[in-house]
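First the structure, in the form of structure tokens, and then the observations on it.
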Amino acid sequence: MAPPRRQPELIEDAISEILLRALPDEPAELVRASLACKLWRRILTDPVFLRRYREFHRTPPLLGFFHNLKDGRTPRFVPTTTASSPVPQPEFDGHDWWAYDCRHGRVLLGLGSRRDGPDGFVVWDPITGDQHRLPRPYGDWHLYGTSAVLCAVASCNHRNCHAGPFNVVYMGSYYDDIAGCWIIQASVYSSETGMWAKSASLDFNCTCYSTSRALIGDVLYFTILGDCASKKLPSPVEAH
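Residue numbers for the sequence shown follow numbering that gives the first Met the number 0, beginning at 0 and rising by one.
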């Protein structure tokens with residue numbers, strides 16, 4: 000009696016195409032697949048495969064969000080996947096930190112009360128743990144303010160740029176006693192120069208504060224709300 004025929008093994012290219020179609024919503028699935036055998040692990044860790052995987056699925060999945068805590072502790076990362084959180088809790092100094100923004104692989108945290116405006120900022124890479132500290136842009140006190148962090152590389156696809164240069168945009172408002180109205184100021188910090196650019200200001204003649212922002216193309220937009228009608232204005236500089 001002839002011995003049973005062995006099933007043909009999948010060639011490496013076929014395995015690569017199968018793994019390429021694994022959904023990115025549950026990253027733990029790829030981790031488990033890498034433990035199947037050395038061949039699968041080599042495929043999944045190959046930079047060429049990782050680049051193809053990002054290009055194939057295009058939009059990165061939402062892995063979680065940062066939740067600001069009222070008791071003044073460091074914001075908590077809340078995962079949206081079944082796996083445990085891939086983001087370790089950052090090691091800060093225990094002051095009143097507030098998460099302002101998260102974009103392009105970076106988290107922007109402000110030190111101090113959100114209402115009173117931050118005393119300083121930290122741009123934090125949650126994967127590597129790197130921290131870049133920068134001061135607040137204005138010496139004057141701002142009653143309301145908001146900020147955003149974004150990649151500073153022109154024409155970047157933002158798939159693996161978390162270690163590159165970045166910009167921080169800050170917008171705050173204060174009441175000018177001399178002018179008798181509310182003033183909104185905006186400024187941009189560059190990690191390449193280590194400095195805040197000269198600020199631009201707008202006279203709204205009403206109490207205003209910024210509540211949200213959106214990056215469209217290379218332009219960052221803030222929504223301004225207050226006692227007057229809502230207005231939408233672009234920041235005084237482009238994102239790049």
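Note that the Cβ used here is the ideal one computed from N, Cα and C, for glycine as well.
Between A151 and S189 a beta carbon distance of about 7 Å is seen, short of the 8 Å cut, so the two are scored as contacting. With the rule of 3 Cβ pairs closer than 8 Å, the stretch 125-136 does not count as touching the stretch 174-183. Taking Y99 as reference, the option from G171, D12, V47 with the minimal CA-CA separation is G171. DSSP places D175 in the uninterrupted beta strand (DSSP E) bounded by 165-175. The beta-carbon separation of V121 and R105, rounded to 10 Å, does not stay under the 8 Å limit for a contact. Secondary structure at D124: coil, using DSSP grouped into helix, strand and coil. Closest in alpha carbon position to R158, among L22, I17, P59, R41, is P59. Of the candidates I183, L68, K69, I183 places its Cα closest to the Cα of T145.
Under the DSSP definition of a beta bridge, C180 partners with D175.
In the three-state reduction of the DSSP assignment, D12 falls in the helix class, which pools H, G and I. Within a 10 Å sphere around the beta-carbon of L107 sit 16 or more other beta-carbons, which makes this residue buried. If you look at R40, you'll find it in the alpha helix (DSSP H) that goes 37-43. Sequence-distant Cβ neighbours of S15 in its own chain, meaning closer than 7 Å and more than five residues away, are I42, F48. For L22, the closest alpha carbon among the candidates L68, W96, L61, F76 is that of L61. Each residue's CA atom was taken as its position, placing W97 and I10 some 50 Å apart.
V47 carries a helical assignment under DSSP once its states are collapsed to helix, strand and coil. When only Cα atoms are considered, S154 and A196 end up about 22 Å apart. Within the model, the alpha-carbon separation for C160 versus A185 is close to 25 Å. When DSSP reads this structure, G63 sits in a beta bridge with P78. Our two residues, V168 and V187, have alpha carbons roughly 5 Å apart in a direct line. Note: C150 is bridge-paired with F165 in the DSSP secondary-structure output. In this structure I215 is exposed. Its beta-carbon is surrounded by fewer than 16 other beta-carbon atoms within 10 angstroms. Sixteen is the threshold: when 16 or more other Cβ atoms of the shown chains lie within 10 Å of the Cβ of N166, as they do, the residue is buried.
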